[in-house]
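When we follow our numbering, the leftmost residue of the sequence shown carries the number 22, and every step to the right adds one.
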Amino acid sequence: MKYIFVTGGVVSSLGKGLAAASIGALLEHRGLKTLMQKFDPYLNVDPGTMSPYQHGEVYVLDDGAETDLDLGHYERFTSGVMSRLNNLTSGQVFDAVIKKERRGDYLGKTVQFIPHVTDEIKARLHLVTDTNPDVDVLITEIGGTVGDMEGLLFIEALRQFALEVGKDNVCFIHVTLLPFIKAAGEVKTKPTQQSVAKLRELGIQPDIIICRTEADLDEDNRKKIAMFCNVEKKNVVAFRDVAHTIYECPLDLRRDKIDRLVVDKIGLGHTPSPALDDWEHFVRRVIHPKHKVTIAVAGKYIELQDAYKSIYESLIHAGAHHDTKVNIIRVEAEAVEDHGAKAVIGDVDGILVPGGFGDRGIEGKILAAQYARENNIPYFGICLGMQIATIEFARNVCKLRGANSTEFDKNTPFPVICLQEEQRGVADMGATMRLGSCESVLFAGTRASDLYCGADRIHERHRHRYEFNSDFQDKLQECGLVVSSVSAKEGLVEIVELPNHPFFLGAQFHPEFQSKPNHPHPLFAGFVKAALERAQAQ
Ligand code: GLN
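Spelled out as structure tokens, the structure:
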């Protein structure tokens with residue numbers, strides 16, 4: 022087993038996750054089996070409870086782990102299967118250490134940062150490699166910036182780990198910023214020098230330095246960085262701002278042959294250069310599409326770049342599949358409440374309502390769904406968006422006035438969406454989340470079944486508490502709503518759709534967590550196709 026550790030310097034948001042994922046993609050294209058993981062130094066046990074303002078999207082894995090959004094990049098860029106072991110936070114580390122201390126596992130010793138906390142971090146590295154014995158290379162990204170107090174124990178653990186497994190089996194990569202100072206007209210290397218000096222002070226000499234830069238990296242600066250950071254000049258790699266899409270990142274890093282540098286360092290130099298035809302083909306289709314559609318995403322955290330990351334990426338994948346640029350309009354659901362659907366989303370080719378919690382903007386989303394249904398505009402509801410479609414249909418088609426989800430109105434006369442416990446009349450509302458991959462059954466003859474190419478079982482990831490209330494299923498179906506999928510175990514409604522509409526579909530799960538560049542998710546592909554048909558008919 023070989024190890025790559027990716028640290029970051031100078032500032033956050035450098036694209037360290039994308040750099041790590043790109044290296045994973047390149048190594049995979051060299052025929053190596055890679056696995057990726059993220060260490061996050063914050064104290065939350067996982068990001069599941071963090072606000073999107075703090076953290077962007079919570080990315081959900083098959084096993085139900087709520088993880089950092091970088092794991093989304095990893096899954097989209099590589100084929101490695103992630104599990105909860107692939108995201109370790111300080112919260113988990115300390116939780117484990119304190120539990121062990123309470124159990125008496127430390128046999129009366131003083132429990133200390135070193136060795137007990139660092140041992141816990143190293144144990145996780147061993148656990149991941151032991152549970153994935155067929156993997157050739159484990160790539161671990163360390164969140165935060167070198168020099169942060171909260172990251173120190175992770176860095177120290179890595180230093181020790183490299184000694185223990187042999188330095189030839191480990192490659193340290195440091196991603197850093199080369200700011201361009203406009204007034205001086207110059208790229209500056211000093212922050213990089215200082216950040217690497219900090220890392221070396223902590224006992225780690227990076228093998229490769231990835232320089233994030235707006236422009237190019239000239240020979241003089243490469244030389245300077247090499248000299249002051251104690252690395253070979255060829256190991257100073259440029260990571261430029263990509264012009265069009267994040268999927269250009271592996272191609273950009275390939276220009277300085279980063280994969281070659283990495284395999285040479287860890288003794289896998291015999292592997293063939295990567296054939297990137299499939300990747301280049303995908304990027305070409307993203308950059309030079311034939312067609313164009315406009316899709317409104319009507320949500321609550323719309324101003325945040327990262328809150329619906331996987332959805333935006335899935336739209337790009339589906340667009341490329343149809344040779345189509347998806348122009349995404351981010352719509353604040355409350356604006357639909359204030360100005361009406363026609364004014365805000367009147368001229369789009371498709372409307373997507375993403376997942377969400379809490380009642381802000383709910384009525385705006387319901388108006389958006391109604392507008393889509395009544396005007397034959399393709400509608401795709403994801404999780405909350407599916408619940409919204411159900412509420413709208415109940416209110417406006419079945420005439421169940423005041424229909425709602427009990428999440429937003431405890432006393433609604435028609436709780437078409439409610440907690441499972443409420444359906445069963447259980448008093449104790451634990452309101453546990455349905456998390457992770459669930460199997461569901463697809464019904465033949467439905468649009469969903471067609472999109473999944475006639476499959477009768479599917480596995481999709483969930484993250485929600487509330488469910489379609491089966492007490493209303495007959496009523497809604499009588500009025501024309503089609504239930505096209507139910508969960509295999511409990512019979513919970515998973516997909517609803519309308520037959521006499523170009524595309525009106527809601528999924529209780531999150532398809533966006535299983536879309537990949539050259540394998541768009543079938544529901545996204547179907548939605549974008551319907552939007553394209555509308556755009557072309559206009
Ligand atoms: N708030 C809804 C629920 O908990 C939807 C959740 C979501 O969209 N992820 O069921």
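For every residue, glycine included, the Cβ atom is placed at its ideal position computed from N, Cα and C.
In DSSP terms, what residue i is bridged to
i, result
"P436", "N425"
"V192", "The sequence given here places Cys at residue 192; Val does not occur at that position. Paired residue(s): I25."
"Y487", "L440"
"G457", "H483"
"R478", "V462"
"Y333", "Y333 pairs with nothing; no bridge assigned."
"L146", "Beta-bridge pairing links L146 to no other residue."
"D61", "T110"
"K537", "H540"
Backbone CA spacing between residue i and residue j [nearest angstrom]
i, j, result
"Y24", "D61", "18 Å"
"S426", "K37", "40 Å"
"G85", "T131", "35 Å"
"F175", "G165", "11 Å"
"L173", "A117", "18 Å"
"A552", "G466", "22 Å"
"A556", "V347", "11 Å"
"D370", "A341", "17 Å"
"V307", "I267", "10 Å"
"P293", "K188", "23 Å"
"V114", "Q75", "21 Å"
"I287", "D359", "59 Å"
"N539", "Y322", "28 Å"
"A469", "N107", "32 Å"
"D471", "E301", "30 Å"
"R275", "L297", "10 Å"
"G101", "V191", "19 Å"
"P68", "D299", "33 Å"
"C250", "V217", "6 Å"
"A144", "H137", "10 Å"
"Q215", "E207", "18 Å"
"Y127", "L148", "20 Å"
Cut-off 7 Å between Cβ atoms - residues of its own chain near residue i, not counting five sequence neighbours on either side
i, result
"R261", "T234, D237 and D273"
"M71", "N65"
"A448", "Note on A448: pLDDT 48, under 50, position unreliable in the model; no value is reported."
"E269", "V263 and V304"
"H522", "R394 and N397"
"M103", "L82, L92, Y95 and E96"
"R105", "L82, D84 and A86"
"K496", "C419"
Residues near residue i in its chain [Cβ-Cβ closer than 8 Å; skip 5 each side]
i, result
"K219", "G30, V167 and G168"
"I387", "I409, I412, E413 and R416"
"T150", "M22, V156 and L159"
"G93", "E78, Y80, K330, S331, E334 and F534"
"L325", "P73, Y74 and G77"
Neighbourhood of residue i by C-beta, 6 Å cutoff - its chain only, sequence neighbours within 5 removed
i, result
"E355", "G382 and G385"
"F193", "F26, I225, P227 and D228"
"E428", "Y487"
"G45", "T55, M57, F98, T99 and I160"
"V257", "I230, R243, I246 and A247"
"P541", "H338, A339 and H342"
"E353", "I323"
"L421", "A415 and F435"
"P543", "L472 and Y473"
7 Å Cβ cutoff met for residue i and residue j
i, j, result
"D344", "P399", "no"
"L526", "E488", "no"
"P295", "R97", "no"
"C404", "H480", "no"
"V374", "G423", "no"
"K59", "D83", "no"
"L47", "D430", "no"
"P520", "V503", "yes"
"L35", "L198", "yes"
"F401", "F182", "no"
"S506", "I516", "yes"
"F545", "H483", "no"
"A259", "C232", "yes"
"T213", "A178", "no"
"P271", "S43", "yes"
"V437", "F493", "yes"
"A328", "I350", "no"
"K209", "P200", "yes"
"E460", "R478", "yes"
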